[in-house]
Amino acid sequence: MAVYFYYGDEDFLIDSAVESMKSKLNKDFIAMSYQTYDNPEYSELISVLRTPPMMFGDSLYVINADKYFSSQKKYFEDAELSDIEDALDNNPEALNIVFTVKLPRNEGKKFDTRRKLYKILSKYNVEEFPTYKTYKTAELSDWIRRRARKKDLILKEEAVNILIEQLGNDLRKFDTELDKLKLIAYPEKTVTGKMVEAIAVSNQDLFNITELIMKNKKDEALLEFSLLTDKKHPLEILAAIQTMLRKWIILKIKSSSMPHKELAKLTGMHEFVVEKTLQKLKNISTSELVALKQNLYETECRIKSGESQDINSEVEIAIIR
């Protein structure tokens with residue numbers, strides 16, 4: 073078959089490409105024909121590459137190669153790289169081998185293309201999967217509509233715009249929300265803006281909670297939080313607020329020295345949203361935002377570690393603290 077090298081900071085697209093290949097395997101023998109490996113050392117890797125595929129159709133081996141490029145140490149000796157290249161050049165006809173490198177989202181990080189392993193893998197089927205830029209709404213809209221069509225859905229323009237406003241450029245979240253919207257729309261296939269609003273936690277919702285906390289209107293903040301739990305799990309709301317706070321802190325710190333266009337790229341927000349958010353943040357200090365984010369982070373850690381028996385109460389306590 074072939075050797076592939078998939079890399080980039082949009083892990084959802086990498087996973088989707090792999091899943092597409094996996095779907096073509098014989099489902100009766102998937103446990104044997106589909107294997108994944110996490111940064112295997114040389115001895116295991118060369119054994120994998122030289123193992124003949126099963127007799128039950130094509131096979132797919134996926135190798136997470138993050139550490140091969142991020143590690144400071146030299147992962148493979150020259151002689152080992154030569155063996156790896158030879159094994160890949162003589163890849164069996166019934167075997168697909170996919171090397172993947174998933175980079176941190178929205179951080180603009182690159183890996184070292186000077187490494188010999190990169191030069192070897194770049195001889196084969198190489199594809200980069202970058203994140204969609206939030207400020208390039210036309211590209212995001214096109215992807216959302218194409219993804220919706222695969223799920224037999226048609227999205228109104230307002231529905232697409234609300235999704236982008238709520239989720240930024242997170243394709244995995246878009247995919248999850250589209251699945252929910254398909255259930256809401258059934259038996260119809262058209263998704264409206266009102267349907268999206270029914271399940272979405274908006275930036276305005278999150279801002280309302282945060283602003284009420286800052287104004288010491290804790291009872292109203294708790295009411296807002298309670299209403300949102302009808303749409304999302306408390307941990308999802310907590311994570312969304314923390315993500316929003318992180319972006320707000322960046323905006324507050326950088327706004328005096330950086331134009332809105334650059335702030336949009338840095339935070340993954342649309343330039344228009346940056347401008348509106350800065351207007352809303354005028355009466356909130358950076359120190360208050362940092363303190364609230366730290367408080368919510370500690371709460372999330374307690375919940376995830378199992379220290380909290382009542383998640384809703386834990387989040388409510390964090391809000392009124």
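Just so you know, we're using this note's numbering here: the sequence shown kicks off at 73 and counts up by one. Here a beta-carbon is modelled for each residue, glycine too, at the ideal position from N, C-alpha and C.
Straight-line Cα distance separating residue 201 from residue 169:
Residue numbering aside, residue 169 sits at position 97 when the sequence shown is read from its first letter. Residue numbering aside, residue 201 sits at position 129 when the sequence shown is read from its first letter. Each residue's Cα considered, the two are about 18 Å apart.
Which class does residue 277 belong to by DSSP, given the choice of helix, strand or coil?
Position 205 of the sequence shown, counted from the first residue, corresponds to residue 277. Looking at residue 277 - three-state DSSP - the assignment turns out to be helix.
Backbone secondary structure at residue 183 - three-state DSSP:
Within the sequence shown, the letter at position 111 stands for residue 183. Three-state result, residue 183: coil.
For the beta strand (DSSP E) that residue 115 lies in, which residues bound it at each end?
As a first step, residue 115 is located in the sequence shown; it is residue number 43 there, counting from the start. Where residue 115 is concerned, there is no enclosing beta strand (DSSP E), although the alpha helix (DSSP H) it sits in stretches over 114 to 121.
Quick one: is residue 238 buried, meaning 16 or more other Cβ sit within 10 Å of its Cβ, or exposed?
Counting from 1 along the sequence shown, the entry for residue 238 is found at position 166. Buried, since its Cβ has 16 or more Cβ neighbours within 10 Å.
Simplified DSSP assignment, three categories, for residue 356
Counting from 1 along the sequence shown, the entry for residue 356 is found at position 284. In the structure shown, residue 356 sits in coil (DSSP, three-state: anything other than H, G, I, E or B).
Determine the direct distance from the alpha carbon of residue 125 to that of residue 131, and round the result to whole angstroms.
Stepping through the sequence shown from its first residue, residue 131 is reached at position 59. Stepping through the sequence shown from its first residue, residue 125 is reached at position 53. When rounded, the distance between both Cα atoms is 6 Å.
Are there 16 or more other CB atoms within 10 angstroms of the CB of residue 241, so buried, or fewer, so exposed?
Taking the first residue of the sequence shown as position 1, residue 241 is located at position 169. The residue in question, residue 241, is buried, as its Cβ has 16 or more Cβ neighbours within 10 Å.
Length of the line joining the Cα atoms of residue 119 and residue 297
Locating residue 119 in the sequence shown gives position 47, where the first residue counts as 1. Locating residue 297 in the sequence shown gives position 225, where the first residue counts as 1. So the alpha carbons of these two residues sit roughly 53 Å apart.
Contact check, residue 117 vs residue 156 under 8 Å by CB: the rounded distance?
Along the sequence shown, one-based indexing puts residue 117 at 45. Along the sequence shown, one-based indexing puts residue 156 at 84. Contact flag correct, Cβ pair sits at about 7 Å.
If you reduce the DSSP assignment to three classes, tell me which class residue 367 lands in.
Taking the sequence shown and counting its residues from 1, one reaches residue 367 at position 295. Here residue 367 sits in helix by DSSP.
Looking at residue 129: is its Cβ nearer than 8 Å to the Cβ of residue 97?
Residue mapping note: residue 129 aligns to position 57 of the sequence shown, counting from 1. Residue mapping note: residue 97 aligns to position 25 of the sequence shown, counting from 1. One thing to note: residue 129 has its Cβ within 8 Å of the Cβ of residue 97.
Bridge partner(s) assigned by DSSP for residue 77
Reading the sequence shown from its first residue, position 5 is the one you call residue 77. As a beta-bridge residue in DSSP terms, residue 77 pairs with 171 and 198.
Counting Cβ pairs, one atom from each stretch, are 3 or more of them under 8 Å apart for the stretch 129 to 149 and the stretch 181 to 197?
As far as the Cβ criterion goes, the stretch 129 to 149 touches the stretch 181 to 197, which means the pair count is three or higher.
List the residues that DSSP assigns as beta-bridge partners of residue 227.
If you number the sequence shown from 1, residue 227 lands on position 155. Assignment of beta-bridge partners to residue 227 by DSSP yields 263.
Taking the Cβ atom as the reference point for each residue, do residue 271 and residue 303 lie within a distance shorter than 8 Å?
As a first step, residue 271 must be located in the sequence shown, where it is residue number 199. As a first step, residue 303 must be located in the sequence shown, where it is residue number 231. One thing to note: residue 271 has its Cβ within 8 Å of the Cβ of residue 303.
Counted within 10 angstroms of its Cβ, other Cβ atoms place residue 147 as buried (16 or more) or exposed
Working through the sequence shown from its first residue, we reach residue 147 at position 75. Buried, by the Cβ-count rule.
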